[in-house]
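A quick write-up on the structure given underneath.
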RNA sequence: GGCCCGUUGGUCAAGCGGCUAAGACGACGCCCUUUCACGGCGUAAUCAUGGGUUCGAUUCCCGUACGGGUCACCA
């Protein structure tokens with residue numbers, strides 16, 4: 159076979175050589191051990207948790223003085239969605255992930271571009287031409303139906319699927335046949351001519367999993383699709399070589415195609431990057447686990463977390479605890495340190511599929527928010543509300559001091575309250591403070607209802623004095639409790655319930671429901687002072703009548 | 001079906017030949033307490049399975065089972 163003739167027939171316009179590109183994209187001048195990595199999403203408009211998960215590469219890169227970049231894998235035109243690139247960038251920016259180079263909203267930056275794969279067509283074709291020249295690639299004119307028939311035949315014969323051996327019908331066709339098809343204008347793809355032996359296992363070092371043994375690839379997989387654009391496999395190898403990527407962090411589902419990536423790197427004589435295959439995020443479905451699915455699981459979308467309003471740092475804290483087994487311990491020892499101060503290590507990454515645990519996320523977020531001051535919570539909530547709850551945003555803007563005071567109840571000190579972990583929950587929790595959103599949700603305590611309800615509230619209103627200290631105020635509550643035949647000490651009531659109408663718990667809960675509409679709320683005295691005397695009296699009187 | 005990866009309590013997991021097998025979330029109980037939280041103390045709960053290797057296996061090797069992934073001109 160005259161490979162030079164074939165190469166020119168297939169790629170008449172390609173005049174550059176691989177060497178030209180080697181010169182254009184020289185090795186990066188970075189300190190030893192610097193990690194160069196990236197995220198490489200395809201612009202489908204769906205930004206998912208996995209994208210953020212892999213953005214952990216940023217920590218790795220910046221910890222080592224390396225480079226983190228954004229590449230867009232837009233080789234599948236059919237799936238491309240307008241605005242998807244912006245969506246990725248916005249989401250990453252939201253979570254504080256910074257790119258050193260790559261695609262930006264304005265265009266792109268960096269010396270290793272273009273960073274959109276479709277714009278790198280010439281580069282791929284140059285490498286492809288070289289492979290043809292070496293007799294390592296050939297055109298295949300099979301139609302979709304041909305391939306389907308082949309697959310069915312293999313299924314019937316219980317043979318391995320794929321384009322290989324006797325099924326590789328275009329592998330050794332004479333040049334004349336190829337020329338004839340080309341002249342007819344038949345569509346073709348470029349296939350890799352694999353000499354791999356399925357009996358052979360090749361060792362691959364995985365940054366997370368240690369040594370892996372993979373079967374050598376024996377199929378003639380597709381390098382270039384009929385539109386001349388590469389498949390993921392070929393694009394990945396060319397790009398990560400010429401962009402001088404040192405670490406490829408990706409989901410473990412790529413493990414299945416690792417053999418062809420390794421084969422490509424090796425036959426091209428390029429140094430393989432360190433592959434880091436992360437565990438797939440799983441979810442319980444009935445009694446079995448399964449991969450998080452785009453269609454079934456809203457929590458796979460990154461937007462789910464911003465909508466629910468989990469603070470970004472809290473989301474990171476959760477992700478980090480799932481990703482790095484020693485992070486949780488570190489965080490416990492350094493509760494106030496920024497998670498960026500933690501040294502992330504690949505070796506500590508989990509290799510088994512982690513179940514996604516929303517409860518734990520919530521717990522981490524509550525813990526996180528409980529340590530923040532009212533100012534922080536106020537601005538975080540306001541920012542969230544501006545997009546997801548405009549009415550709340552308007553109320554907060556109208557009465558910032560009131561909202562800050564409300565947020566501040568139970569905050570600070572040794573044992574801060576942990577009432578909410580997300581802005582959505584915060585909005586719900588804080589609703590009772592504002593008269594505009596105050597509603598009665600819980601009923602009156604049984605032991606303090608009816609006649610007693612009037613009696614207690616009347617006395618309480620009579621003695622209520624906003625100049626009192628908390629101690630003075632509570633002493634008065636005790637007086638009323640005692641005077642009306644309730645047990646001042648709940649224990650006493652528990653022991654001899656027949657001696658009392660109830661206990662102080664019933665009295666204070668009555669006040670609580672009157673004031674907040676529910677039985678579980680922070681300290682009554684503090685709440686009253688946030689509401690102010692007028693509103694406090696109004697709510698109490700109103701409840702007395704109702 | 002072929003190939004690959006994985007398997008420690010309900011969940012996330014530490015462990016990297018010798019331990020009464022950490023810790024966290026969740027559950028439950030007790031204490032604290034004017035409610036709810038918070039906090040403190042405590043309880044229950046785990047090495048899938050069979051064979052090796054070894055003086056000794058959760059740890060190393062092989063098989064089995066189970067779970068997951070993947071076999072496209074999608075990434």
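In the numbering used here, the protein residues as written are 159 to 704.
Glycine included, every Cβ here is placed at the ideal spot set by N, Cα and C.
- By the neighbour-count criterion, in which 16 or more other beta carbons inside 10 Å mark a residue as buried, residue 378 falls on the buried side.
- Around the Cβ of residue 624, a 10 Å sphere holds fewer than 16 other Cβ atoms; the residue is exposed.
- Between residue 340 and residue 179, the C-beta gap is not smaller than 8 Å, which leaves the two residues out of contact.
- In this structure residue 673 is not in contact with residue 659, their Cβ atoms being roughly 21 Å apart against a cut-off of 8 Å.
- Residue 559 and residue 635 have their C-alpha atoms some 28 Å from each other.
- The beta-carbon distance between residue 270 and residue 408, rounded to whole angstroms, is 19 Å. This is too long to meet the 8 Å contact definition.
- Between residue 234 and residue 274, the C-beta spacing is not below 8 Å.
- CA-to-CA, the gap between residue 218 and residue 404 works out to about 11 Å.
- For the 8 Å CB-CB criterion, residue 241 and residue 189 do not form a contact.
- For residue 458, no alpha helix (DSSP H) segment is defined, and its DSSP state is neither H nor E.
- The shortest C-alpha to C-alpha distance from residue 334 to any of 667, 553, 571, 160 is the one to 160.
- Between residue 470 and residue 211 a beta carbon distance of about 15 Å is seen, past the 8 Å cut, so the two are scored as non-contacting.
- Here DSSP, grouped into helix, strand and coil, assigns residue 314 to helix.
- In the DSSP annotation of this structure, the continuous segment of the alpha helix (DSSP H) that includes residue 396 starts and ends at 390 to 400.
- Using a C-beta cut-off of 8 Å, the segment 608 to 621 makes no contact with the segment 682 to 692, since fewer than three inter-stretch Cβ pairs fall below that distance.
- For secondary structure counted as the alpha helix (DSSP H) over 4 or more consecutive residues, the segment 210 to 270 holds these complete runs in sequence order: 215 to 221, 242 to 252.
- Secondary-structure assignment with DSSP links residue 436 through a beta bridge to 409.
- Per the coordinates, the alpha-carbon of residue 362 lies some 57 Å from the alpha-carbon of residue 679.
- For residue 316, the number of other beta carbons within 10 angstroms of its own is below 16, and it is reported as exposed.
- Residue burial is scored here from C-beta neighbours: residue 359 has fewer than 16 other C-beta atoms within 10 angstroms and is therefore classed as exposed.
- DSSP, read as helix, strand or coil, puts residue 677 in coil.
- With respect to the 8 Å criterion, residue 567 and residue 688 are classified as neighbours on the basis of their beta carbons.
- Burial of residue 605 is indicated by the presence of at least 16 other C-beta atoms within 10 angstroms of its C-beta.
- Going by DSSP, residue 364 is part of no alpha helix (DSSP H) but of the beta strand (DSSP E) stretching over 359 to 364.
- In this structure the segment 540 to 556 does not touch the segment 430 to 439; the number of beta carbon pairs closer than 8 Å is below three.
- Within the segment 578 to 646, no complete beta strand (DSSP E) segment of 3 residues or longer occurs.
- Residue 662 and residue 648 have their C-alpha atoms spaced approximately 6 Å apart.
- With contact defined as three or more Cβ pairs closer than 8 Å, the segment 454 to 469 and the segment 477 to 494 are not in contact.
- When beta bridges are read from the DSSP output, residue 448 appears opposite 441.
- Between residue 565 and residue 450, the alpha-carbon positions lie close to 35 Å from each other.
- As DSSP reads the structure, residue 370 sits in a beta bridge with 362.
- DSSP, read as helix, strand or coil, puts residue 159 in coil.
- With a beta-carbon spacing of about 7 Å, residue 283 and residue 386 fall inside the 8 Å limit used to define contacts.
- If you draw a straight line from the Cα of residue 590 to the Cα of residue 464, it is about 24 Å long.
- A check of alpha carbon separations from residue 406 across 633, 197, 323 identifies 197 as the nearest.
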